[in-house]
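Following: one structure in structure tokens, then a few remarks.
In my numbering, the protein residues as written are 876 to 1152.
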């Protein structure tokens, strides 16, 4: 996998360390009477883990202790191993713990009412479910399929328009990092469109997970096109990449409008795009 680094010896041990963490998590949580269910999402739920996969942990707790458990989310993670640092916002229901073994655990705490049928609950691994809540929700989720709504496509294309205009402005101002940020979001916007076109739930915007590499759902030509939209810090090259993305945007936008019965309004679209091409 990838190229050789001085950390190769450590890296090959990551799957073993991840399993040790899973064992520690389950020893800790499965004996807690306030915990109603424990399940894994992500690559463990999908059974597609590789050397660097993290642990997407989901914990359902009794309503009357939810706030206590949410506030204690960092302290709980320290029961499972040596935490080097946290990605954490105190007011949220989740926390990401980065352990000294180079494994991270992304933990979400839920109330019972938070667990509702969703396409995201199809591929999960349930290890504890005292009232069969998660099992029942997963069964209902299996009959669901993803279909973008008109509002989803409207939001997507308007953000694309905004990023393409902003990329031009920032390149012309020589605000290169900002312009490159816009280019990255344009690339991500295109992956979102390709996933919507195929009826695949797109990643949360900003999340590049599994969009490239062996686990990507994109086709070979899409990955090649994505790679071709690469640029350096030269404003002229940034604007050249902006223009090179537009033809595929027009194609996939037309396809989405036809597939989901949305007005394409090509004249309006071209008016917006012509301001930068």
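Built from N, CA and C at the ideal position, the CB exists for glycine as well.
Treat the numbers as computed from the prediction; the structure is a model and nothing was measured.
Next on the checklist: I'd like the span of the beta strand (DSSP E) that includes residue 970, first residue to last.
Outcome noted: Counting from one through the chain shown, the residue named residue 970 turns up at place 95. Its beta strand (DSSP E) spans residues 969-974.
Next on the checklist: If I measure Cβ to Cβ from residue 1016 and keep anything under 7 Å in the same chain, skipping five residues before and after, which residues do I get?
Outcome noted: Within the chain shown, numbered from 1, the residue matching residue 1016 stands at position 141. Hits under 7 Å: 992, 993, 994, 996, 997.
Item to check | For residue 1039, three-class secondary structure by DSSP | outcome: Here residue 1039 refers to the residue found at position 164 of the chain shown. Three-state result, residue 1039: helix.
Next on the checklist: Given a cut-off of 9 Å on the beta-carbon distance, is the pair residue 933 and residue 912 in contact?
Outcome noted: Mapped onto the chain shown, residue 933 falls at position 58. Mapped onto the chain shown, residue 912 falls at position 37. For residue 933 and residue 912, yes; Cβs fall inside 9 Å.
Next on the checklist: Taking a contact to mean a Cβ-Cβ separation below 9 Å, would you say residue 1028 touches residue 1131 in this structure?
Outcome noted: To locate residue 1028, count along the chain shown from 1; it is residue 153. To locate residue 1131, count along the chain shown from 1; it is residue 256. Their beta carbons are under 9 Å apart, which means residue 1028 touches residue 1131 by this criterion.
Checklist entry - Quick one: what does DSSP say residue 888 is sitting in, helix, strand or coil? => result The residue you call residue 888 lines up with position 13 of the chain shown. In the structure shown, residue 888 sits in coil (DSSP, three-state: anything other than H, G, I, E or B).
Next on the checklist: What does the Cβ neighbour count give for residue 1149, buried or exposed, with the cut at 16 atoms within 10 Å?
Outcome noted: For the purposes of this step, residue 1149 is taken as residue 274 along the chain shown, with counting starting at 1. By the 10 Å Cβ count, residue 1149 comes out exposed.
Checklist entry - Does the Cβ of residue 891 have 16 or more other Cβ atoms within 10 Å, making it buried, or fewer, making it exposed? => result Walking along the chain shown from the start, residue 891 turns up at place 16. Burial call: exposed.
Item to check | residue 989 to residue 1114 span [Cα, whole Å] | outcome: Sequence index remark: in the chain shown, residue 989 carries index 114 (1-based). Sequence index remark: in the chain shown, residue 1114 carries index 239 (1-based). Their Cα atoms are separated by approximately 44 Å.
Checklist entry - Whose C-beta lies closer than 8 Å to the C-beta of residue 1127 among residues of the same chain, with five residues either side of it excluded? => result Here residue 1127 refers to the residue found at position 252 when the chain shown is read from its first residue. Closer than 8 Å at Cβ, skipping near neighbours: 1065, 1068, 1069, 1072.
Checklist entry - Between residue 921 and the rest of its own chain, which residues show a CB-CB distance below 6 Å, the 5 nearest in sequence each way excluded? => result On the chain shown, residue 921 is found 46 positions in, with the first residue counted as 1. Closer than 6 Å at Cβ, skipping near neighbours: 998.
Item to check | Endpoints, the alpha helix (DSSP H) within which residue 1059 is located | outcome: Numbered from 1 along the chain shown, position 184 holds the residue referred to as residue 1059. Here the alpha helix (DSSP H) through residue 1059 covers 1051-1072.
Next on the checklist: Count Cβ pairs between the stretch 975-990 and the stretch 936-954 that sit closer than 8 Å; are there 3 or more?
Outcome noted: yes
Checklist entry - Should residue 1010 and residue 1034 be called a contact, given that it needs their Cβ atoms to be closer than 9 Å? => result The residue given as residue 1010 occupies position 135 in the chain shown. The residue given as residue 1034 occupies position 159 in the chain shown. No, the pair does not count as a contact, with Cβ atoms beyond the cut-off.
Checklist entry - What's the gap between the Cα of residue 1052 and the Cα of residue 1004? => result Residue 1052 sits at position 177 when you count from the first residue of the chain shown. Residue 1004 sits at position 129 when you count from the first residue of the chain shown. One C-alpha to the other measures close to 47 Å.
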